[in-house]
Amino acid sequence: MTNAAIDASGLTRRFGSYTAVDHLDLHIPRGCIYGFLGPNGSGKSTSIRLLTGLLTPDEGTVNILGLQLPRQAEELRGRIGYMTQKFSLFGDLTLQENLQFIARIYGLPRKGIKARIADLLERYDLTRQSKQLADTLSGGQKQRLALAAATIHNPELLFLDEPTSAVDPENRRDFWEKLFDLSDAGTTILVSTHYMDEAERCHYLAILETGRKRADDTPQNLMQNMSANVVEISGNSLRRLKQQLLLTPDVISVAQQGIRLRVLVDKGHTDPLSWLRAECPASLNDYQLAVVRPSLEDVFVMSTGAHR
Amino acid sequence: MKFLLRISAITFKEFRQLSRDRLTFGMVVMIPLIQLLLFGYAINNNIRNINAGLLDQSDSSTSRIIIDTVKATQVVNIIEQYFSIADAEAAITKGNVRAVLVLPRDLPQRVANPADDRALGQWIVDGSDNIVSSALLGLARMPIAPLQQGTGNTVSATFDTVLYFNPERRTPVNIVPGLLAVILTMTMILFTATAIVREKERGNLELLITTPIRSFELMLGKIIPYILIGLVQMFIILTLGHFVFDVPINGQPLQIVSATLLFIAASLTLGLLISTVALTQLQAMQMTVFVLLPSILLSGFLFPYEGMPKPAQMIAEGLPATHFVRMIRGVVLRDASLTDMQGDTLFLVAFTVVGMILATLKFRKSLD
Ligand SMILES: Nc1ncnc2c1ncn2[C@@H]1O[C@H](COP(=O)(O)OP(=O)(O)O)[C@@H](O)[C@H]1O
Ligand SMILES: [Mg+2]
Numbered sequence: 109m110t111n112a113a114i115d116a117s118g119l120t121r122r123f124g125s126y127t128a129v130d131h132l133d134l135h136i137p138r139g140c141i142y143g144f145l146g147p148n149g150s151g152k153s154t155s156i157r158l159l160t161g162l163l164t165p166d167e168g169t170v171n172i173l174g175l176q177l178p179r180q181a182e183e184l185r186g187r188i189g190y191m192t193q194k195f196s197l198f199g200d201l202t203l204q205e206n207l208q209f210i211a212r213i214y215g216l217p218r219k220g221i222k223a224r225i226a227d228l229l230e231r232y233d234l235t236r237q238s239k240q241l242a243d244t245l246s247g248g249q250k251q252r253l254a255l256a257a258a259t260i261h262n263p264e265l266l267f268l269d270e271p272t273s274a275v276d277p278e279n280r281r282d283f284w285e286k287l288f289d290l291s292d293a294g295t296t297i298l299v300s301t302h303y304m305d306e307a308e309r310c311h312y313l314a315i316l317e318t319g320r321k322r323a324d325d326t327p328q329n330l331m332q333n334m335s336a337n338v339v340e341i342s343g344n345s346l347r348r349l350k351q352q353l354l355l356t357p358d359v360i361s362v363a364q365q366g367i368r369l370r371v372l373v374d375k376g377h378t379d380p381l382s383w384l385r386a387e388c389p390a391s392l393n394d395y396q397l398a399v400v401r402p403s404l405e406d407v408f409v410m411s412t413g414a415h416r
Numbered sequence: 004m005k006f007l008l009r010i011s012a013i014t015f016k017e018f019r020q021l022s023r024d025r026l027t028f029g030m031v032v033m034i035p036l037i038q039l040l041l042f043g044y045a046i047n048n049n050i051r052n053i054n055a056g057l058l059d060q061s062d063s064s065t066s067r068i069i070i071d072t073v074k075a076t077q078v079v080n081i082i083e084q085y086f087s088i089a090d091a092e093a094a095i096t097k098g099n100v101r102a103v104l105v106l107p108r109d110l111p112q113r114v115a116n117p118a119d120d121r122a123l124g125q126w127i128v129d130g131s132d133n134i135v136s137s138a139l140l141g142l143a144r145m146p147i148a149p150l151q152q153g154t155g156n157t158v159s160a161t162f163d164t165v166l167y168f169n170p171e172r173r174t175p176v177n178i179v180p181g182l183l184a185v186i187l188t189m190t191m192i193l194f195t196a197t198a199i200v201r202e203k204e205r206g207n208l209e210l211l212i213t214t215p216i217r218s219f220e221l222m223l224g225k226i227i228p229y230i231l232i233g234l235v236q237m238f239i240i241l242t243l244g245h246f247v248f249d250v251p252i253n254g255q256p257l258q259i260v261s262a263t264l265l266f267i268a269a270s271l272t273l274g275l276l277i278s279t280v281a282l283t284q285l286q287a288m289q290m291t292v293f294v295l296l297p298s299i300l301l302s303g304f305l306f307p308y309e310g311m312p313k314p315a316q317m318i319a320e321g322l323p324a325t326h327f328v329r330m331i332r333g334v335v336l337r338d339a340s341l342t343d344m345q346g347d348t349l350f351l352v353a354f355t356v357v358g359m360i361l362a363t364l365k366f367r368k369s370l371d
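The listed protein sequences derive, respectively, from chains A and B.
For the record, in the first sequence the residue sitting at position 74 is 182 according to the numbering used here, with numbers rising by one throughout.
For the record, in the second sequence the residue sitting at position 47 is 50 according to the numbering used here, with numbers rising by one throughout.
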C-alpha cells in the first residue's frame with residue numbers, strides 16, 4: 109500500500125512505429141492537483157487513457173490508488189472519475205436523464221439518486237437546464253455537466269482531459285473554483301491542459317513533449333530553477349534586433365511580446381545585462397534592458413523544443 | 004443485484020433514445036409495412052385480365068363454347084388470334100401475350116369421348132412470371148359445364164398446360180413468413196450493430212468503459228429493446244399478412260413467438276458481432292448488407308432451397324435466415340412445432356450461444 113494516488117514507472121505506449129508515450133514515470137501524491145502541460149499530440153490523452161486502464165501499456169507498471177493495472181482495472185472503476193476530452197455524455201438525453209443514467213451505472217443507492225442529482229445541478233449551476241437535451245447546451249454548460257457526471261459517485265481520483273478547451277476565460281476561472289472545492293474535499297485531480305495560466309494553478313506540473321516528460325515539479329520551483337535568466341528589452345526596430353540576438357551564442361530564445369523582446373539567456377552568465385551589452389555593444393545602445401521573473405511560458409520554452 | 008440495475012439502466016436509456024430517434028422509430032414500423040405492401044401485390048393471386056391469345060384449329064361450335072367459358076372467368080383477356088403454333092410462340096416470346104390457348108383440330112372428337120382422358124386443349128404459358136403462371140395453371144382444371152353434363156369425369160384435366168421458361172411453381176403464401184425472416188434480418192442486425200458503433204463514433208463508449216459496467220451487461224442491456232421491437236415487427240407482418248393477404252396462420256401463437264424469438268436472438272448476436280468489428284456506422288451498414296443479400300437470395304425466401312446448387316446450399320445452411328424461413332413456414336403454415344423442426348431450432352440456439360460468447364470475448368472494455 110503506497111500513499112500515492114498514482115504511481116507509474118516506465119509507462120510506454122506505441123501506435124505502430126510511433127511512440128505516443130515514452131517511458132513516463134509519475135508519482136502523484138494523494139490530495140493534490142497535478143497538471144499535464146503539453147502541446148497537441150504530446151501524449152496527454154494517451155497517458156490519461158493508460159492511467160485509467162482504457163489502453164494497455166506496451167511497457168511499464170501502473171499502480172492507481174494501490175491497485176495494479178490492468179489486472180485490477182475493474183475494481184478501480186467505482187473509485188475514479190474520468191472527464192473525456194471530447195464530450196461523451198448522450199446528446200439526445202436531457203441533463204437529468206444523463207445524470208440518472210450515470211448514477212445507476214455506478215450503482216448509487218436508489219433513494220439517494222434524486223437528491224444527489226439535484227445537489228449537483230445546483231452546484232454546477234445547471235438547475236434551469238435540467239430538462240434540456242445535452243446537445244443543446246453551450247460549451248461551458250456541457251463542461252460543467254461532464255464534471256458533474258464524472259464526480260457523481262464521489263471518486264477519490266479524478267482525471268480531466270483538457271476540460272476547458274472549449275470554454276471562455278471567465279467560465280474557465282469558475283471551473284477552476286469548482287476544482288479547488290473538490291480538491292479541498294480530498295479528491296486527487298489529474299488535469300491536462302495546454303494553457304499556461306491553467307497550468308500555473310496546479311500544485312504539481314509535468315511538462316510533456318512528444319510523449320516524454322521534460323520536467324516536473326511545483327510551478328514555483330520550475331520557474332525558480334529554470335536554467336536561464338529572462339531579460340526584457342524594449343525599444344524600436346525589434347525585429348531586426350531579434351534576428352541579431354538569435355545569432356548570439358548562449359541566447360536560448362527570443363520572443364517578441366508587443367513592444368518588448370523576451371530573451372532567455374543561459375544561467376551561466378551571472379549578470380546577463382552586462383553580458384548582453386558586451387556581446388552586442390553597438391546594437392543595444394538605444395534599448396532599455398531589465399531582468400524579470402521567469403514565467404511558466406519561459407519554463408515551457410526551456411524544457412521543450414519550442415526554441416529550436 | 005447490482006448487475007440487474009446496470010442492465011436496466013442501459014435498457015431504459017436505450018428506450019429513451021429510441022423514442023427520440025424519429026428515423027429509427029419510423030423504420031421499426033415502416034419497414035414491415037412498406038415491404039409487406041410492396042410484396043402484397045405479388046402475394047395477391049386474385050389476378051384478372053391477363054392478356055392472352057387464341058389459336059383455334061378446330062373452329063367449331065364446341066370451340067366457341069369453350070372460349071366463352073374461359074372468357075367468363077375473366078382471368079384472361081383474349082386480345083389476339085393466330086393461325087399457326089409458330090405465330091403463337093412468337094407472340095409469347097415478344098411478350099404481346101402471357102399465354103395462348105390452343106384448341107386442336109379434333110376437339111369435337113375429344114369432347115365426344117371423355118373416356119380417352121385426353122385434355123381438350125392446351126395452354127402455352129409464359130412461365131417467367133410466377134404469379135401469372137400460377138393464375139393460368141388454375142385454369143387447367145376448370146370445368147366446361149355445358150360439355151360435361153352427366154359424364155362425372157372431373158378428374159382428368161380440361162386443358163394441358165405447358166409452362167415455358169420456368170417450369171417450377173410456387174405458392175405466394177410462402178412469401179409472408181419468408182418476409183418476416185428478411186425484415187428481421189435487416190432490422191435486427193442493422194439496429195444493434197449501429198446502436199453500438201454509434202456510441203463508439205460519438206465517444207460515449209470511452210466514458211462507459213471507465214464505469215463499473217461489464218461488457219456483458221452493456222450488450223445485454225442494449226439488445227433487450229430490440230427484442231421487443233422484433234416482436235412488434237412480427238406482429239405487424241403476420242397480422243397484416245393474415246387480414247390483408249389472407250395468409251393462413253395455422254400454428255400455435257406460442258410456437259410462432261418462440262421461433263421468432265430464437266431468430267431475433269440469432270440476428271441480434273450477429274449484429275453484436277458486427278459491432279465489435281466495425282469502426283463506423285457506415286462499415287456496420289456495409290457488413291449488414293453483406294449478410295442481408297445472401298439471406299434474401301439463398302434462404303429459400305425467393306428461390307426454393309432444393310433448386311439451388313450444392314455450394315449455395317452449403318452457404319445457405321450457415322445463415323440463420325435459412326433455418327428461420329424453414330421453421331416459420333412450418334410453424335405458421337403447417338402447424339409444426341419447434342420439436343418437429345429440431346435441426347433448425349438447434350442451429351439457431353447454437354448460433355446464438357457461440358455468437359454471444361465470441362462477441363463478449365471480442366468486446367473488451369478497452370480502446371486498444
Ligand atoms: N488510437 C491511436 N492510433 C494511432 N495514433 C494515436 C492514437 N491515439 C493517439 N495517437 C497519436 O499519439 C500522439 C499523442 O496523442 P494524444 O495523446 O491524443 O496527444 P494530446 O492529448 O497531448 O493532444 C499523437 O501523435 C496521436 O496522433
Ligand atoms: Mg488530447
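For each residue, glycine too, the CB sits at the ideal point set by N, CA and C.
Which same chain residues, not among the five before or five after residue i, have their C-beta less than 8 angstroms away from its C-beta?
i: Gln249 (chain A); result: Leu234 and Gln237
i: Thr120 (chain A); result: Thr127, Val129, Asp130, His131, Leu132, Pro165, Asp166, Glu167 and Gly168
i: Lys225 (chain B); result: Ile13, Thr14, Glu17, Thr195, Ala198 and Ile199
i: Met290 (chain B); result: Ala196, Ile277, Val280 and Ala281
i: Leu163 (chain A); result: Arg121, Thr154 and Arg157
Short of 7 angstroms in beta carbon distance, which residues of its chain neighbour residue i, apart from the five on each side in sequence? Order them along the chain.
i: Phe366 (chain B); result: Ser218, Met222 and Thr279
i: Leu361 (chain B); result: Leu276
i: Ala258 (chain A); result: Gly189, Tyr190, Met191 and Leu266
i: Arg187 (chain A); result: Leu173, Pro263, Glu264 and Leu265
i: Leu265 (chain B); result: Thr348, Leu351 and Val352
Using C-beta distances below 6 angstroms, list every residue in its chain close to residue i, excluding the 5 sequence neighbours before and after it, in chain order.
i: Thr157 (chain B); result: Because the pLDDT of Thr157 (chain B) is 45, which lies under 50, any placement of that residue in the model is unreliable, and the question is left without a value.
i: Arg329 (chain B); result: Asp347
i: Thr100 (chain A); result: Chain A is shown only over 109 to 416; residue 100 (chain A) falls outside these bounds and no answer can be derived.
i: Leu8 (chain B); result: none
i: Gln84 (chain B); result: Leu57
i: Ala339 (chain B); result: Gly333
i: Thr174 (chain B); result: Low per-residue confidence applies at Thr174 (chain B): pLDDT is 48, beneath 50, and the placement is therefore not dependable, though the value from the model is reported in the following sentence. So no residue of the chain qualifies.
Mind checking residue i: buried by the 16 CB within 10 Å criterion, or exposed?
i: Thr326 (chain A); result: exposed
i: Ser302 (chain B); result: buried
i: Val73 (chain B); result: buried
i: Glu230 (chain A); result: exposed
i: Leu296 (chain B); result: exposed
i: Asp71 (chain B); result: exposed
i: Met33 (chain B); result: exposed
i: Lys5 (chain B); result: exposed
i: Ala336 (chain A); result: buried
i: Glu320 (chain B); result: exposed
i: Gly124 (chain B); result: buried
i: Asn206 (chain A); result: buried
i: Thr342 (chain B); result: exposed
i: Phe86 (chain B); result: exposed
i: Phe198 (chain A); result: buried
i: Pro314 (chain B); result: exposed
Assuming residue i and residue j make a contact with CB atoms under 8 angstroms, what is their CB distance in whole Å?
i: Ile341 (chain A); j: Leu369 (chain A); result: 4 angstroms
i: Thr191 (chain A); j: Asp269 (chain A); result: Per the sequence presented here, residue 191 (chain A) reads as Met, with Thr not at that position. About 6 angstroms separates the two Cβ atoms, so the contact holds.
i: Phe144 (chain A); j: Leu316 (chain A); result: 6 angstroms
i: Val105 (chain B); j: Ala115 (chain B); result: Rounded, the Cβ-Cβ distance is 19 angstroms, inconsistent with contact.
Give a yes or no on whether the minimum CB-CB distance between residue i and chain C is below 7 angstroms.
i: Thr160 (chain A); result: The displayed structure is made up of protein chains A and B, and chain C is not among them.
Worksheet entry | Validate contact between the region 370-383 of chain A and the region 296-305 of chain A using beta carbons, cut 8 angstroms, 3 pairs | no
Worksheet item: Is the region 390-410 of chain A touching the region 8-16 of chain B in the sense that three or more CB pairs, one from each, lie closer than 8 angstroms?
Response: Contact between the region 8-16 of chain B and the region 390-410 of chain A is absent, because fewer than three Cβ pairs lie under 8 angstroms.
Worksheet item: Per the contact definition of three or more C-beta pairs closer than 8 angstroms, is the region 275-290 of chain A in contact with the region 212-220 of chain A?
Response: Not touching, per the Cβ criterion.
Discussion item. For a minimum of 4 consecutive residues, which ranges assigned as the alpha helix (DSSP H) are wholly contained in the region 355-395 of chain A?
Written reply: 380-387
Worksheet item: How do the region 320-339 of chain A and the region 398-415 of chain A stand: do at least 3 beta-carbon pairs fall below 8 angstroms, yes or no?
Response: yes
Worksheet item: Are the region 346-364 of chain A and the region 26-46 of chain B in contact at 8 angstroms, needing three or more beta carbon pairs?
Response: no
Worksheet entry | Uninterrupted beta strand (DSSP E) stretches inside the region 45-113 of chain B (no shorter than 3 residues) | List check, beta strand (DSSP E) in window: 53-59, 79-84 and 102-106.
Item to complete: Check whether the region 193-200 of chain B touches the region 242-262 of chain B, taking contact to mean three or more Cβ pairs, one atom from each stretch, closer than 8 angstroms.
Response: no
Discussion item. Can you confirm whether the region 270-286 of chain B touches the region 332-351 of chain B when touching is taken to mean that 3 or more C-beta pairs between the two stretches lie within less than 8 angstroms?
Written reply: Judged by Cβ distances under 8 angstroms, the region 332-351 of chain B makes no contact with the region 270-286 of chain B, as fewer than three pairs qualify.
Practice prompt. Give, in chain order, every unbroken run of the beta strand (DSSP E) that is at least 3 residues long and sits entirely within the region 183-227 of chain A.
Written response: Entirely contained in the region 183-227 of chain A, the beta strand (DSSP E) runs reaching 3 residues are, in chain order, 188-191.
Worksheet entry | Contained beta strand (DSSP E) runs [length at least 3] in the region 214-280 of chain B, N- to C-terminal order | Listed in chain order, there is nothing to give.
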